[in-house]
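Here the structure is laid out as structure tokens; the discussion comes afterwards.
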Amino acid sequence: MTGYTVEQLRATAVDAVRAPSLHNTQPWRFRLRDGGIELSVDPLRRLPATDPSGWGARIACGAALFNLRLALAAAGTPATVRLRPYPGDPDVVARLVPDVPRRPTPTEQSLYAAVGRRFSNRAPFWPDPVPADARWRLGEAARAEQCWLELVIGTSAVNAFAEIARSAHRVLERDPGYVTERGAWIRSEPSPDGVPAAAGGPQSEPQDLLPQRGFGGRNRAPGRDFEPEPLVAVLGSAGNTATDQIIAGQALQRVLLTATDAGLAASMISQPIEVSGAREALRLSLGRFGTPQMVMRIGYGQPGSATPRRPVEEVLDLPVAHG
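All residue numbers for the sequence shown refer to full-length UniProt numbering, where the first residue is 1 and numbers rise by one.
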């Protein structure tokens, strides 16, 4: 196979855009260049107050890259990937060129089948514990993408994490630019991006262990407190370069799809990552080398619902036909 086609780009981008992103900004673009598929950060969709370093956009693009890899492999046309291939153009996250055609592995098939079923679930989870074999699978998913996953186990450890998370949440909520920017991405009417108020989860309450972003969700039904000891998982990478963050985004998506395949629900808690002091406190509390890149809350719950996505044509940069 000499190169990918526009049809392959379009078909796989449909799956790539199912990846999660901060405030559902969908900060990615795709193009075909010399037979390779290239994925870039969309500079028009940055979040200057929430994500001034671009960490969140690179995590999101890494997650989209994993879906892209998975879609190509599932179609029997796997890719060789180069991360950040152009030093002069750092917005290009990755370039994918055809590898030797082969049949997808059973793991690739099961993860690909989970792409359309993976939703962030911000509602309270049921008290059922996540079994040991599922926890092991989640850790293996992170390791397969050169990252680590630390499960925060036990009441004292979860309480210590919760204090770090709540402290970071308070820091962010004191920033008027952050609050205004979040408000700009809440959608009360149908929209192809942003967070629908109905998908924001119930409003947080003082007794909650973990902080919830205020996306204008419903008030909670009586007796529907969040779980008292959630399974908290911290995803980390070896370093914190732009490339490390893209790698972590791929690992995040692999972990989320593995959770979906195992019948688990998940939502992300990024406040302790967004505040540098909280991120370092988290790293020290875990005793890990490397850098925490995302925190997840994982468990069993009611099925979530998909947040909207822009039409794929809006994220493609297609060559202009001449003639």
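Beta carbons are placed, not taken as given, at the ideal position from N, Cα and C, and that holds for glycine.
Buried/exposed call for residue i, threshold 16 Cβ in 10 Å
i: P121; result: The residue asked about is misnamed: residue 121 is Asn in this sequence, not Pro. Label assigned to N121: buried.
i: A6; result: Correcting the residue identity first, residue 6 is Val in this sequence and not Ala. Classification of V6: exposed, given that the 10 Å Cβ count is below 16.
i: E145; result: buried
i: I246; result: buried
i: L47; result: buried
i: I153; result: exposed
i: S237; result: buried
i: N24; result: buried
i: G116; result: exposed
i: S276; result: exposed
i: Y112; result: buried
i: D244; result: buried
i: G3; result: exposed
i: G299; result: buried
i: A132; result: exposed
i: T155; result: exposed
i: S21; result: buried
i: G135; result: Here the sequence assigns Arg to residue 135, which means Gly is not the residue at that position. So R135 counts as buried.
i: D15; result: buried
Where residue i falls: helix, strand or coil (DSSP)
i: F66; result: helix
i: residue 328; result: Nothing in the structure corresponds to residue 328, since the chain is present only between 1 and 323.
i: R46; result: coil
i: Q302; result: coil
i: V92; result: strand
i: V41; result: strand
i: R33; result: strand
i: P101; result: coil
i: D175; result: coil
i: S237; result: strand
i: Q8; result: helix
i: D15; result: helix
i: R220; result: Note that R220 scores a pLDDT of 46, beneath 50, so its modelled location is shaky and nothing firm can be said.
i: A75; result: coil
i: T243; result: helix
i: T2; result: coil
i: L318; result: coil
i: W28; result: strand
i: R84; result: coil
i: T291; result: strand
Contacts around residue i, its chain only, beta-carbon distance under 6 Å, and the 5 residues preceding and following it disregarded
i: V97; result: G36, T80
i: G139; result: L149
Residues near residue i in its chain [Cβ-Cβ closer than 7 Å; skip 5 each side]
i: G76; result: P101, R102, R103, P104
i: V195; result: H23, N24, W185, I186, R187, F215, T307
i: D261; result: S110, L111, A114
i: D128; result: Y300
Cut-off 8 Å between Cβ atoms - residues of its own chain near residue i, not counting five sequence neighbours on either side
i: A49; result: D175, G177, Y178, T180, E181
i: R58; result: V41, V93, A242, Q245, I246, G249
i: R310; result: V17, Q26, P192, D193
i: P43; result: D91
Inset, instruction - State whether the segment 263-276 contacts the segment 167-185, with contact taken as three or more CB pairs (one from each stretch) at a distance under 8 Å. - result: yes
Inset, instruction - List in chain order: all unbroken alpha helix (DSSP H) runs of 4+ residues lying wholly within the segment 104-162. - result: 106-114, 132-144
Inset, instruction - Assess, as a yes-or-no matter, whether the segment 279-287 is touched by the segment 172-183 under the definition of 3 or more beta carbon pairs within less than 8 Å. - result: no
Legend entry - Cβ contact check for the segment 54-70 and the segment 240-254: 3 or more pairs under 8 Å: yes
Legend entry - Complete beta strand (DSSP E) runs within the segment 248-282 (minimum length 3 residues, chain order): 265-269
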